[in-house]
Amino acid sequence: MVASRFKHIVWFRNDLRIYDNPALFRAAEEQEGVLAVYFICHEMLENHVTASVRIDFIRRHLLQLNNDLAELNIPLVVISTDKTKEIIPQLKKLIDKYQVEGLFLNAEYPIDEFNRDKQVADELRKQEIVVKRSHDRVIIPPGMIRNGKGEPYKVFTAFKKNWLQQARALALEPLKKPKTQPPHGATVITDAEINKQFKTLEQRDLSKLWPAGEKEAAKRLKAFIKNHIHDYDTGRDFPDLDGTSQLSPYLAIGSISPRQCIAAALHANRGELDSGNAGVTTWIGELIWRDFYQHVVVDFPDVCKYKAMQKHTEAFPWRYDKSLFNAWCDGETGIPIVDAAMLQLKDTGWMHNRLRMVVAMFLTKNLQIDWRMGERYFMTQLIDGDFAANNGGWQWSASTGTDAAPYFRIFNPVSQSQRFDADGAFIRRYLPALAKVPAKVIHSPPPTPGYSLPIVDLSLSRKETIALFGALKS
DNA sequence: TGCGTTTTTGG
DNA sequence: CAAAAACGC
Ligand SMILES: Cc1cc2nc3c(=O)[nH]c(=O)nc-3n(C[C@H](O)[C@H](O)[C@H](O)COP(=O)(O)OP(=O)(O)OC[C@H]3O[C@@H](n4cnc5c(N)ncnc54)[C@H](O)[C@@H]3O)c2cc1C
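This is the structure we're talking about:
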């Protein structure tokens, strides 16, 4: 039996992968023993209304991660806690038990996670423990993209210009495989023990739709680059096609890094970031949007406290009508594209980006319901739920965000449906009651058995919303 | 990655 | 008069 001593702990969170994981990579460099830990913190999961499909996705990822880490001689410890404050004593216990000297983690930006990590770091540093924080969730770390006055950008196009300039100077290469550690004597956690840490197991089995693990994520990235990225600029708008990567669950949970994504995209575009194939550059543009919203959370932490980015929009008279809201959640608005999209979300834990914009605009601009209610409901359902991207998407749709859709630029869900689901194939996928309705009228169907009439007048509510926004003084 | 309405254009 | 352009929100 080899003595169990680990020089470093890697605390895994939304970075459940071995490759291109800077915290793990750095901890492993010295090859003096690494212990991996994952906390299932029920207080945090509940406060953040984490979707049950997401929790199950975490569980399935931990099973994979455990195997992958074992090959590097890194044991994984999975600890379930009721309260966030239990994490510090739990870490201290591990530190004492294994004579640990350093804690390595990848940064998380939303305020609760940020504060938690700061408290942990402050506390451990008092005990002479080295705490090293890396940035893996973004391609360019927060704080790096600044205008001439040293301030963060509020407009995406300006952010993007600066981002591209800096990106050109970076290698954008994923890290090499982390070093294998010396053999250790600690017992390795079993699948059953990992499963046992999860209070209730998700009933729905989404393991076919969303298989867990970084191998699966890498496979999907490869397939997307091979089959779809070159037509992404045109294909991404049609919800019935597989025109997008569907990598968001993997990026959110961190079984793939954005740097691995951009490296693969560059490889398919002769290394060009913003020239060459339009599909590739458009996709890179989405990865930059992703960085932008992560940076917004760091630079404007008020967004984590239910605040609108544009202060004057706080005065908008949002409605809180329970029955209209429930109809939206349950896909019973009588607007086929909205209903089909909401059922896709419920069924699969994912929704096409075009449809996220359509349903978010419908909730905020036609039903005039507070965007925060939609934001919250999305988090309860999404397998790819990410605070920054979700808040950014909602504030964009509600016209409360920085560089949001202007308040008067309101989508008409029926015209969106006609443009992007012209033959109604996506609608029919989720609304069997409309199976026989012809394409010409399916977007706004005549009274049909088993399908309800619209719960709101699109034209009237649009006019009203524009007037209400117009009356706000900015 | 907006829509609805009005005005202009070319015949 | 239909289509395109322009305009305001
Ligand atoms: C109201 C609303 C809520 C959203 N909530 C989330 C969320 O909780 N989590 C989430 O990851 N995305 C969210 N998005 C952004 C976007 O809809 C999804 O990232 C995208 O649909 C995921 O599909 P994909 O992986 O096939 O994307 P692709 O089109 O293949 O794009 C590649 C990656 O880029 C990132 N990305 C793409 N578009 C955006 C965007 N607009 N903003 C930020 N990142 C983007 C994602 O990580 C995505 O996986 C939201 C958008 C809206 C309008």
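To convert, note that position 135 of the first sequence is 133 in this note's numbering; the numbers rise steadily by one, no gaps.
Glycine included, every Cβ here is placed at the ideal spot set by N, Cα and C.
A distance below 8 angstroms between beta-carbons, with the five flanking residues on each side excluded, links ASN45 to the following residues of its chain, in chain order: ASP110. Per DSSP, reduced to three states, the secondary structure at PRO334 is helical. Three or more beta-carbon pairs drawn from the region 90 to 110 and the region 123 to 130 are found closer than 8 angstroms, and the two stretches are therefore classed as touching.
For TYR291, the distance from the CB to the nearest heavy atom of ligand 1 is below 6 angstroms. THR463 sits away from LYS309, with the two beta carbons spaced by 7 angstroms or more. Around the beta-carbon of VAL153, fewer than 16 other beta-carbon atoms lie within 10 Å, marking it exposed. A Cβ-Cβ distance of about 12 angstroms is found for the pair ILE137 and PRO20, leaving them out of contact under the 8 angstroms criterion.
Across the structure, VAL454 and ALA465 are spaced so that their CA atoms are roughly 17 angstroms apart. With a cutoff of 7 angstroms on beta-carbon distance, ILE335 and PHE55 are scored as not near each other.
For ALA216, the Cβ stays outside the 6 angstroms cut-off from all heavy atoms of ligand 1.
Looking from the CA of LEU264, the closest CA among ASP401, ILE254 and GLY277 belongs to GLY277. Just so you know, the alpha carbons of ARG426 and LEU353 end up roughly 15 angstroms apart. Counting C-beta pairs with one atom in each stretch, the region 196 to 211 and the region 164 to 180 have fewer than three that are closer than 8 angstroms, which means they do not touch. In summary, PRO436 is exposed, with fewer than 16 beta-carbon neighbours lying within 10 Å of its beta-carbon over all protein chains present. As computed with DSSP, PRO404 is found in no beta bridge at all. The beta carbon of LEU74 sits closer than 6 angstroms to those of ALA34, ASN64, LEU67 and ILE187, all from its chain and outside the five residues before and after it, given in chain order. Cβ neighbours of ALA266 within its own chain (closer than 7 angstroms, five residues either side excluded): ILE223, ILE227 and VAL278. If you draw a straight line from the Cα of MET340 to the Cα of PHE424, it comes to about 12 angstroms.
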